[in-house]
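**Student:** Protein chains in written order, with the working numbering: chain X, 287 to 733; chain S, 24 to 488.
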Ligand SMILES: Cc1cc2nc3c(=O)[nH]c(=O)nc-3n(C[C@H](O)[C@H](O)[C@H](O)COP(=O)(O)O)c2cc1C
Ligand code: SF4
Ligand code: SF4
Ligand code: SF4
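Laid out in structure tokens, this is it:
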């Protein structure tokens, strides 16, 4: 695992937004107006003080710039690479209204973060005295990392429980390689470890029971993300060559064991479907088809992701629904084709998304060697099934928006398990918010 | 079409743009290429007894990522043999008889030495002489350059020696490193000079390497002060030229130098009364080719303004500069913000609060009238507003941060000027990044023009002093 990123991936997946040279960063930083009470800061879910960190780049104070970023967002490195800046900070930049390109905030942030990590990731030493009260964070992804990172500076004892061998959650295992490499995610994990956060590899509900955790910890943060990817529920789903998108992505990123074959069908229309489709192209598939049951304009993926995918040569099929996966003629245990039915374009749409109306007799076969369902993740919480007073809303953990506290006051939550699956930066904001509320609880309890 | 032909202190040239004495006018091959590109004249790199230069020689001040906003050198006069330079001057004059070639001169303060070099320079065919009394580094430690240019008696004496021998026009190049430049311009006049060149470089230390603690340029671990030039010095040059061009006791043609890199700066020097404009740093930065736009841009501007020759507008700005005591105390302007142009950076707000008169407010959005006012309150209010993370919209259009109404910028981010409190200082208009968004508009006071001098005189007569 120490050999991440896999060398072949470095070649196949060059950076989507390469680093700026230092002179280019300087020019770009100087383009920033240094707005007062800047709208880009308001648009960042973690409220990074954008003009402040950009100005520090402009003055050559890169270390100070990085610390400014990390003060608001401990995952500043991964966020600089994966944030959909077009709809966040850069989308809010005032220069849009001046017919100018917005400041490339994401790339400038990357500049400062690269400098920080390349220079040994030096954080100022914390000064807080230890305070009573122990906190457990369940799940080792962005929400838990951001939550845990807030705590040592306040003297809190915090342990992260992660079931996989590597921490970082989707940052390590689930993000397209040309956006974020697992090695960068792990640098952030190491930074958080160096702050005094303990990591335990254990699956809560299996190798350690929730009762045990409740007995040992005062407050518990739920940052476990979502469950496994949803199944298609159609015949042939268990044939070899059918692999869900997140497993597929984790495999090619960390194990290097992926053989994509010549023709790949990806099922779904979200950002994960796009990531899987792009990856399949880069891994050598000659044809990659994305099958989506609704029309182009209803696709949930960001349109810039969709456009990029088209540039990669991915083909899109709208208004089609897979109904079966058929075995290949030559290898009866392997997938050989997806059978699809066309969907009536006039199917009702809207927020409730009723089932699309299928056109009878429109069945057709799409030959392929690999099928990648990308239907989104399930929201099952097996280890919380025994009632612990936590409430759910749309199968997500319900929390107080200002504190992240659940209906059970010992439990806080943030990230995908609360918002149903959003950006890394949203998870960081959720984790941070819960950490601050937990500190207030401990302060009130122990002074 | 504008006619740029120029006669300066009796020297003819196709246009008023000259290479200043420096690296771009170091040898004949260069000067001929410069003339081919369109330069009207060249002041040769200063001639004298050859010297030895050091490595390195230059350093610069970059600003906001822009290179060479200011430029600094510790180079001395020419390091080429005098005979070679003179041969090349003769060659250039033979091939370019219509262009101005001026020999810049600096020798030790001996009458015979000056007589000798004047005679040899003129024999080579130079159209005029420029006495380098300005070089502020190195040569001054040997009693030359600005060591002469800072002492009126020396400047006058050497000018007189030169005039004893000279048949061509003599220009004296002034140093800005002096309390009142008119002391030297008047001395030059009394010594018989035919014109002036101003300014030479300013004493400077451009910067310090924060790792080695050695200022730049670094010569084996040490540095020495140099001469500063480039765009940064233009305002200083313009002021000093105004002082000498507006001085009745000086009353000499001036060749303007300092920070010119395009036709606009050149036009300003001409408006300030200069007869020609010399350029060094910008040519070192971009090459001789910049002269094309200097000619083209100035000609178009002259056509637009209805000026046929440079003399039509030379010095037009001089009468518009007066003493502060004569300015009208009853002239009043206030800042107006065009909300349709405002992009909501709120830089004018913070500038007026922290750097001016606290009269720009962020209170256009409807509220209870008790909203935040001072910058810290505004920031605190917005921090509390954004404390609950918004769930990012799955949209690709730029985020709508609450803007509505007639303007594309949210009303809450468009500042308002309290005109009754505005002192009309210009600061907000200067910081606003959007062209013509903040304009300074005159508010008639109905009062007659009254200067400080008039007011003080009136007050004195009232109190009987
Ligand atoms: C608007 C303005 C007003 C100033 N007033 C004074 C003053 O009253 N007294 C003073 O000693 N210097 C005054 N200065 C000069 C500054 O103290 C300082 O010497 C100069 O601006 C150079 O520094 P800077 O390049 O950082 O601006 C003033 C400067 C500015 C810009
Ligand atoms: S809105 Fe744009 S210009 Fe203003 S501070 Fe943010 S990045 Fe800079
Ligand atoms: S002109 Fe000066 S005082 Fe008036 S609003 Fe602008 S900054 Fe404030
Ligand atoms: S400086 Fe100009 S653009 Fe910025 S808020 Fe003020 S008026 Fe608007």
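Note that CB positions come from ideal geometry on N, CA and C, so glycine has one too. Owing to the predicted nature of the structure, the values given are computational and were not obtained by experimental measurement.
Could you give the C-beta distance for residue 77 of chain S and residue 41 of chain S, rounded to a whole number, given that I count them as a contact under 8 Å?
**Tutor:** Their Cβ separation, rounded to whole angstroms, is 28 Å, which puts residue 77 of chain S and residue 41 of chain S out of contact at 8 Å.
**Student:** For the segment 383-404 of chain X, enumerate the residues whose C-beta is nearer than 7 Å to any C-beta of chain S, in chain order.
**Tutor:** 383 and 384
**Student:** Does the beta carbon of residue 652 of chain X fall short of 7 Å from some heavy atom of ligand 2?
**Tutor:** Because no heavy atom of ligand 2 lies under 7 Å away, the Cβ of residue 652 of chain X does not count as near it: no.
**Student:** Taking the continuous beta strand (DSSP E) assigned at residue 443 of chain X, which residues delimit it?
**Tutor:** 443-448
**Student:** Determine the direct distance from the alpha carbon of residue 377 of chain S to that of residue 209 of chain S, and round the result to whole angstroms.
**Tutor:** Take the alpha-carbon of residue 209 of chain S and the one of residue 377 of chain S: they are about 44 Å apart.
**Student:** Among X:380, X:450, X:606 and X:298, which has the Cα closest to the Cα of residue 365 of chain S?
**Tutor:** The shortest Cα separation from residue 365 of chain S among X:380, X:450, X:606 and X:298 belongs to X:380.
**Student:** Taking the straight line between their C-alpha atoms, what separation do you get for residue 100 of chain S and residue 324 of chain S?
**Tutor:** 36 Å
**Student:** How close, in whole Å, do the beta carbons of residue 736 of chain X and residue 435 of chain X come, if the pair is a contact with beta carbons under 8 Å?
**Tutor:** Residue 736 of chain X is absent from the structure shown; chain X starts at 287 and stops at 733.
**Student:** Is residue 728 of chain X near ligand 2, judged by its Cβ being under 7 Å from some heavy atom?
**Tutor:** no
**Student:** Along chain X, which residues have their Cβ under 7 Å away from the Cβ of residue 396 of chain S?
**Tutor:** What residue 396 of chain S touches in chain X: nothing, since even the nearest Cβ is about 13 Å away.
**Student:** What I want to know is whether the C-beta of residue 324 of chain X ends up closer than 7 Å to one or more non-hydrogen atoms of ligand 2.
**Tutor:** yes
**Student:** Would you please state the rounded distance, in angstroms, between the beta carbons of residue 631 of chain X and residue 581 of chain X? I believe it to be under 8 Å.
**Tutor:** 7 Å
**Student:** Does any C-beta atom of chain S lie closer than 8 Å to the C-beta of residue 303 of chain X?
**Tutor:** no
**Student:** Which stretch, first to last residue, makes up the beta strand (DSSP E) that contains residue 364 of chain S?
**Tutor:** Counting along the chain, residue 364 of chain S falls outside any beta strand (DSSP E), and DSSP gives it neither H nor E.
**Student:** Tell me the residue span of the beta strand (DSSP E) that contains residue 35 of chain S.
**Tutor:** Its beta strand (DSSP E) spans residues 34-36.
**Student:** What residues in its chain sit with their C-beta under 8 Å from that of residue 696 of chain X, if we drop five residues either side in the sequence?
**Tutor:** 500, 504, 505 and 506
**Student:** At 9 Å on the CB atoms, spell out the chain X contacts of residue 405 of chain S, in chain order.
**Tutor:** 323, 327 and 328
**Student:** Among S:268, S:436 and S:316, which has the Cα closest to the Cα of residue 362 of chain S?
**Tutor:** S:436
**Student:** Just grab the DSSP bridge partners of residue 128 of chain S for me.
**Tutor:** S:70 and S:154
**Student:** Would you say residue 333 of chain X lies against chain S (beta-carbon separation less than 8 Å)?
**Tutor:** yes
**Student:** Mind checking the segment 345-373 of chain S against chain X and listing, in chain order, the residues whose C-beta falls within less than 7 Å of any C-beta there?
**Tutor:** Answer in chain order: 366, 367, 368, 369, 370, 372 and 373.
**Student:** Select from the segment 456-471 of chain S all residues with a C-beta closer than 9 Å to any C-beta belonging to chain X, and list them in chain order.
**Tutor:** 456 and 457
**Student:** For a quick check, are the C-beta atoms of residue 218 of chain S and residue 94 of chain S less than 8 Å apart?
**Tutor:** no
**Student:** What residues from chain S crowd round residue 380 of chain X, counting only those whose CB sits closer than 7 Å?
**Tutor:** 366, 367 and 368
**Student:** Going by beta carbon distance, what residues of the same chain come within less than 7 Å of residue 382 of chain X, once the five residues before and after it are set aside?
**Tutor:** 388
**Student:** For residue 457 of chain X, decide whether its Cβ has a neighbour in chain S, counting only Cβ atoms nearer than 8 Å.
**Tutor:** no
**Student:** Mind checking residue 592 of chain X: buried by the 16 CB within 10 Å criterion, or exposed?
**Tutor:** buried
**Student:** Could you give the DSSP three-state label for residue 675 of chain X: helix, strand or coil?
**Tutor:** coil
**Student:** Which of the three DSSP states, helix, strand or coil, is assigned to residue 160 of chain S?
**Tutor:** coil
**Student:** Can you look up residue 196 of chain S in the DSSP assignment and give me helix, strand or coil?
**Tutor:** strand
**Student:** Out of X:520, X:417, X:480 and X:621, point me to the one whose CA is closest to residue 728 of chain X's CA.
**Tutor:** Residue 728 of chain X has its Cα closest to that of X:417, out of X:520, X:417, X:480 and X:621.
**Student:** Determine the extent of the beta strand (DSSP E) in which residue 85 of chain S is found, giving its start and end residues.
**Tutor:** 81-86
**Student:** Is the CB-CB distance between residue 230 of chain S and residue 454 of chain S below 8 Å?
**Tutor:** no
**Student:** Under 9 Å Cβ-Cβ, which residues of chain S neighbour residue 546 of chain X?
**Tutor:** Chain S residues near residue 546 of chain X: none, gap ~29 Å exceeds 9 Å.
**Student:** Beta carbon of residue 455 of chain S: closer than 7 Å to some heavy atom of ligand 3?
**Tutor:** no
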